[in-house]
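Note that the sequence shown covers residues 1 to 210 in the working numbering.
Okay, so here's the structure we're looking at.
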Amino acid sequence: MDNPIIIFGAKSLGISALEIFELNNTVVYGFLDDDSKLHNQEIGDITILGNTDNEGFTKLIGKKCDAFVAVDNSKHRQMLTEMLLDVRKVMPVNAIHPKAMISKFASIGHGNLFATGATLSAKAMIGSHCIIGANAVIEPECEIEDYVQIGSGTIINSSVKIAKGAFIGSGVTVISGVSIGKNARIGAGSVVMNDIKSNQTVFGVPAKEV
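In C-alpha coordinates, the structure reads:
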(Lines of atoms letter the chains of each structure in order from A and count residues from 1; the text may use other names and numbers.)
(Lines give C-alpha, C1' and ligand atoms only; values in the text may rest on other atoms or scores of the structure.)
Protein backbone atom coordinates (compact mmCIF):
# COMPACT_ATOMS: atom_id res chain seq x y z
CA MET A 1 0.00 0.00 0.00
CA ASP A 2 1.32 3.42 -0.90
CA ASN A 3 -0.80 5.52 1.46
CA PRO A 4 -0.74 5.54 5.28
CA ILE A 5 -3.74 3.98 7.03
CA ILE A 6 -6.23 5.50 9.46
CA ILE A 7 -7.71 2.75 11.64
CA PHE A 8 -11.28 3.18 12.86
CA GLY A 9 -11.40 1.52 16.28
CA ALA A 10 -8.61 1.49 18.86
CA LYS A 11 -9.56 -1.50 20.97
CA SER A 12 -8.33 -5.09 20.59
CA LEU A 13 -9.30 -5.48 16.94
CA GLY A 14 -7.70 -2.15 16.09
CA ILE A 15 -4.49 -3.23 17.82
CA SER A 16 -4.53 -6.45 15.77
CA ALA A 17 -4.95 -4.41 12.59
CA LEU A 18 -2.07 -2.13 13.61
CA GLU A 19 0.20 -5.13 14.08
CA ILE A 20 -0.79 -6.55 10.68
CA PHE A 21 -0.13 -3.28 8.86
CA GLU A 22 3.21 -2.79 10.58
CA LEU A 23 4.27 -6.36 9.73
CA ASN A 24 3.43 -5.50 6.11
CA ASN A 25 5.56 -2.33 6.35
CA THR A 26 2.49 -0.13 5.93
CA VAL A 27 2.50 3.17 7.82
CA VAL A 28 -0.42 3.77 10.19
CA TYR A 29 -1.24 7.48 10.47
CA GLY A 30 -3.40 7.13 13.58
CA PHE A 31 -6.54 5.74 15.19
CA LEU A 32 -10.03 7.22 15.40
CA ASP A 33 -12.32 5.96 18.18
CA ASP A 34 -15.55 7.28 19.71
CA ASP A 35 -14.41 6.54 23.29
CA SER A 36 -13.21 9.97 24.39
CA LYS A 37 -11.26 8.44 27.29
CA LEU A 38 -8.83 6.99 24.75
CA HIS A 39 -8.17 10.22 22.87
CA ASN A 40 -4.55 11.40 22.76
CA GLN A 41 -3.31 8.11 24.17
CA GLU A 42 -0.81 6.08 22.16
CA ILE A 43 -0.71 2.44 21.13
CA GLY A 44 2.92 1.78 20.45
CA ASP A 45 3.81 5.12 18.92
CA ILE A 46 0.46 5.58 17.12
CA THR A 47 -1.90 8.20 18.55
CA ILE A 48 -5.66 7.91 19.03
CA LEU A 49 -6.52 11.17 17.33
CA GLY A 50 -10.24 11.69 18.01
CA ASN A 51 -13.75 10.54 17.13
CA THR A 52 -14.60 8.55 14.01
CA ASP A 53 -16.45 11.57 12.58
CA ASN A 54 -13.60 14.04 13.19
CA GLU A 55 -13.55 15.89 9.89
CA GLY A 56 -10.05 17.19 10.46
CA PHE A 57 -8.79 13.63 9.98
CA THR A 58 -11.49 11.93 7.91
CA LYS A 59 -10.95 14.53 5.16
CA LEU A 60 -7.49 12.99 4.61
CA ILE A 61 -9.03 9.65 3.62
CA GLY A 62 -9.06 9.18 -0.12
CA LYS A 63 -6.50 11.94 -0.60
CA LYS A 64 -3.48 11.20 1.58
CA CYS A 65 -4.66 8.17 3.57
CA ASP A 66 -6.54 4.89 3.22
CA ALA A 67 -8.85 3.50 5.90
CA PHE A 68 -9.51 0.27 7.76
CA VAL A 69 -12.52 -0.35 10.04
CA ALA A 70 -11.55 -2.44 13.09
CA VAL A 71 -14.79 -2.66 15.08
CA ASP A 72 -16.15 -5.96 16.44
CA ASN A 73 -19.84 -5.07 16.27
CA SER A 74 -20.96 -5.80 12.70
CA LYS A 75 -23.69 -3.13 12.68
CA HIS A 76 -21.26 -0.46 13.85
CA ARG A 77 -18.69 -1.72 11.32
CA GLN A 78 -21.29 -1.42 8.59
CA MET A 79 -22.25 2.10 9.68
CA LEU A 80 -18.65 3.30 9.56
CA THR A 81 -18.02 1.58 6.23
CA GLU A 82 -21.10 3.18 4.68
CA MET A 83 -19.99 6.58 6.00
CA LEU A 84 -16.62 6.14 4.28
CA LEU A 85 -18.32 5.14 1.03
CA ASP A 86 -20.94 7.90 1.13
CA VAL A 87 -18.83 10.79 2.41
CA ARG A 88 -15.28 9.98 1.31
CA LYS A 89 -16.05 7.66 -1.66
CA VAL A 90 -13.45 5.25 -0.24
CA MET A 91 -13.58 1.47 0.26
CA PRO A 92 -11.58 0.23 3.26
CA VAL A 93 -8.48 -1.82 2.50
CA ASN A 94 -7.79 -5.41 3.54
CA ALA A 95 -5.59 -6.23 6.55
CA ILE A 96 -3.93 -9.58 5.83
CA HIS A 97 -1.36 -10.99 8.25
CA PRO A 98 1.83 -12.17 6.51
CA LYS A 99 1.26 -15.63 8.01
CA ALA A 100 -2.30 -15.91 6.72
CA MET A 101 -2.68 -18.21 3.72
CA ILE A 102 -4.92 -16.97 0.92
CA SER A 103 -5.17 -19.24 -2.10
CA LYS A 104 -4.56 -17.53 -5.43
CA PHE A 105 -7.74 -19.30 -6.55
CA ALA A 106 -9.83 -17.78 -3.74
CA SER A 107 -11.90 -14.61 -4.11
CA ILE A 108 -11.91 -11.84 -1.50
CA GLY A 109 -13.58 -8.44 -1.28
CA HIS A 110 -12.46 -5.33 0.61
CA GLY A 111 -11.99 -4.30 4.21
CA ASN A 112 -11.40 -7.82 5.54
CA LEU A 113 -9.05 -8.79 8.36
CA PHE A 114 -7.23 -12.12 8.21
CA ALA A 115 -5.34 -12.85 11.43
CA THR A 116 -2.19 -14.96 11.73
CA GLY A 117 -2.58 -18.50 10.42
CA ALA A 118 -6.02 -17.90 8.88
CA THR A 119 -6.50 -20.01 5.74
CA LEU A 120 -8.76 -19.31 2.77
CA SER A 121 -8.73 -22.28 0.41
CA ALA A 122 -9.06 -22.52 -3.36
CA LYS A 123 -12.45 -21.60 -4.84
CA ALA A 124 -13.63 -20.12 -1.52
CA MET A 125 -15.34 -16.75 -1.85
CA ILE A 126 -15.48 -14.15 0.89
CA GLY A 127 -17.23 -10.80 0.63
CA SER A 128 -16.17 -7.57 2.31
CA HIS A 129 -15.63 -6.30 5.86
CA CYS A 130 -15.28 -9.76 7.42
CA ILE A 131 -13.11 -10.66 10.43
CA ILE A 132 -11.32 -14.01 10.18
CA GLY A 133 -9.62 -15.03 13.44
CA ALA A 134 -6.24 -16.63 14.03
CA ASN A 135 -5.85 -20.14 12.61
CA ALA A 136 -9.41 -20.23 11.28
CA VAL A 137 -9.75 -22.47 8.21
CA ILE A 138 -12.19 -21.86 5.37
CA GLU A 139 -12.20 -24.84 3.05
CA PRO A 140 -12.85 -24.95 -0.73
CA GLU A 141 -16.04 -23.68 -2.35
CA CYS A 142 -17.36 -21.90 0.75
CA GLU A 143 -19.37 -18.73 0.14
CA ILE A 144 -19.18 -16.07 2.86
CA GLU A 145 -21.10 -12.81 2.56
CA ASP A 146 -20.25 -9.37 3.97
CA TYR A 147 -19.73 -8.46 7.66
CA VAL A 148 -19.24 -12.05 8.84
CA GLN A 149 -17.01 -12.71 11.86
CA ILE A 150 -15.30 -16.08 12.30
CA GLY A 151 -13.48 -16.81 15.56
CA SER A 152 -10.01 -18.20 16.11
CA GLY A 153 -9.48 -21.88 15.41
CA THR A 154 -12.83 -22.35 13.70
CA ILE A 155 -13.05 -24.79 10.80
CA ILE A 156 -15.54 -24.07 8.02
CA ASN A 157 -15.72 -27.23 5.94
CA SER A 158 -16.23 -27.24 2.17
CA SER A 159 -19.27 -25.82 0.40
CA VAL A 160 -20.64 -24.01 3.47
CA LYS A 161 -22.68 -20.85 2.86
CA ILE A 162 -22.65 -18.08 5.48
CA ALA A 163 -24.99 -15.10 5.06
CA LYS A 164 -24.35 -11.45 5.86
CA GLY A 165 -23.65 -10.45 9.45
CA ALA A 166 -23.32 -13.95 10.93
CA PHE A 167 -21.09 -14.40 13.99
CA ILE A 168 -19.26 -17.68 14.51
CA GLY A 169 -17.36 -18.08 17.77
CA SER A 170 -13.94 -19.57 18.40
CA GLY A 171 -13.27 -23.26 17.95
CA VAL A 172 -16.46 -23.97 15.99
CA THR A 173 -16.69 -26.73 13.38
CA VAL A 174 -19.21 -26.27 10.57
CA ILE A 175 -19.88 -29.47 8.62
CA SER A 176 -19.72 -29.47 4.81
CA GLY A 177 -22.74 -28.19 2.93
CA VAL A 178 -24.39 -26.37 5.84
CA SER A 179 -26.02 -22.96 5.30
CA ILE A 180 -25.94 -20.31 8.05
CA GLY A 181 -28.50 -17.53 7.81
CA LYS A 182 -28.21 -13.76 8.06
CA ASN A 183 -27.16 -12.44 11.50
CA ALA A 184 -27.09 -15.94 12.99
CA ARG A 185 -24.85 -16.50 16.02
CA ILE A 186 -22.88 -19.68 16.73
CA GLY A 187 -21.47 -20.16 20.23
CA ALA A 188 -17.81 -21.04 20.79
CA GLY A 189 -16.87 -24.70 20.51
CA SER A 190 -20.09 -25.72 18.76
CA VAL A 191 -20.37 -28.32 16.02
CA VAL A 192 -22.87 -27.20 13.38
CA MET A 193 -24.35 -30.18 11.53
CA ASN A 194 -27.61 -28.66 10.21
CA ASP A 195 -28.67 -25.42 8.54
CA ILE A 196 -29.07 -22.40 10.85
CA LYS A 197 -31.86 -19.91 10.22
CA SER A 198 -31.42 -16.14 10.02
CA ASN A 199 -31.17 -14.45 13.45
CA GLN A 200 -30.98 -17.82 15.20
CA THR A 201 -28.53 -18.36 18.08
CA VAL A 202 -27.16 -21.87 18.56
CA PHE A 203 -24.68 -23.56 20.85
CA GLY A 204 -23.41 -27.02 21.68
CA VAL A 205 -22.39 -30.37 20.19
CA PRO A 206 -24.37 -30.73 18.04
CA ALA A 207 -25.41 -27.07 17.92
CA LYS A 208 -28.99 -26.42 19.07
CA GLU A 209 -31.00 -23.24 19.42
CA VAL A 210 -30.45 -21.32 22.64
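Even glycine gets a Cβ: it sits at the ideal position worked out from N, Cα and C.
Remember, it's a predicted structure, so these values are computed and weren't measured experimentally.
Of the residues the options, which one's Cα is nearest the Cα of residue i?
i      : options                       : result
Ala118 : Leu80, Gly151, Val90, His110  : Gly151
His76  : Gly204, Glu55, Tyr147         : Tyr147
Glu55  : Ile20, Leu84, Gly169, Gly109  : Leu84
Asp86  : Pro206, Asp53, Asn94          : Asp53
Ile46  : Ile126, Lys64, Pro4           : Pro4
Ile250 : Ser176, Val191, Ser158        : Outside the shown range of the chain, which is 1 to 210, sits residue 250, and nothing can be said about it.
Ser12  : Asp2, Asp72, Lys208           : Asp72
Thr26  : Asp66, Pro206, Met193, Asn199 : Asp66
For residue i, which three-state DSSP category applies?
i      : result
Leu60  : coil
Lys104 : coil
Thr154 : coil
Glu42  : strand
Met193 : coil
Asp146 : coil
Ile175 : coil
Met91  : coil
Ala17  : helix
Lys66  : It is Asp, not Lys, that sits at residue 66 in the sequence shown. DSSP places Asp66 in strand when its eight states are reduced to three.
Glu55  : helix
Thr119 : strand
Glu211 : For residue 211 there is no data in the structure shown, the boundaries of the chain being 1 and 210.
Lys99  : coil
Lys75  : helix
Lys37  : helix
Locate the beta strand (DSSP E) running through residue i, then write down its first and last residues.
i     : result
Thr47 : 46-50
Leu32 : 28-32
Can you find the residues in the same chain that come closer than 7 Å, C-beta to C-beta, to residue i, ignoring five residues on each side of it along the sequence?
i      : result
Gly62  : Arg88, Lys89, Val90
Thr81  : Val69, Pro92, Gly111, His129
Ile7   : Gly14, Ala17, Leu18, Val28, Phe31, Phe68, Ala70
Ser121 : Ser103, Ala106, Ile138, Glu139, Pro140
Residues in its own chain within less than 6 Å of residue i by CB, not counting five upstream and five downstream?
i      : result
Ile48  : Ala10, Phe31, Asp33, Leu38, His39, Gln41
Ala115 : His97, Gly133, Ala134
Cys142 : Ala124, Ile156, Val160
Lys213 : In the structure displayed, the chain extends from 1 to 210; residue 213 sits before or after that span and is not available.
Ala166 : Val148, Ile180, Ala184
Gln100 : The residue you asked about is not Gln; residue 100 is Ala in the sequence shown. Within the same chain, Ala100 has close Cβ partners Phe114, Ala118.
Ala163 : Glu145, Gly181, Lys182
Leu23  : Pro98
Gly171 : Gly153, Ala188, Gly189
Ile218 : Nothing about residue 218 can be read from this structure; the chain reaches only from 1 to 210.
Ile108 : Ile126
Ser158 : Glu139, Pro140, Glu141, Ser176
Asn51  : Asp34
Excluding five sequence neighbours on each side, which residues of the same chain lie with their C-beta closer than 8 Å to the C-beta of residue i?
i      : result
Ile43  : Ala10, Gly14, Ile15, Leu18, Phe31
Val210 : Gly187, Thr201, Val202, Phe203
How is the alpha helix (DSSP H) around residue i delimited, first residue to last?
i      : result
Ala166 : Run containing Ala166: none; DSSP gives neither H nor E here.
Leu85  : First-last for Leu85: undefined, no H or E at that position.
What are the residues that DSSP puts in a beta bridge with residue i?
i      : result
Thr201 : Arg185
Val137 : Thr119, Ile155
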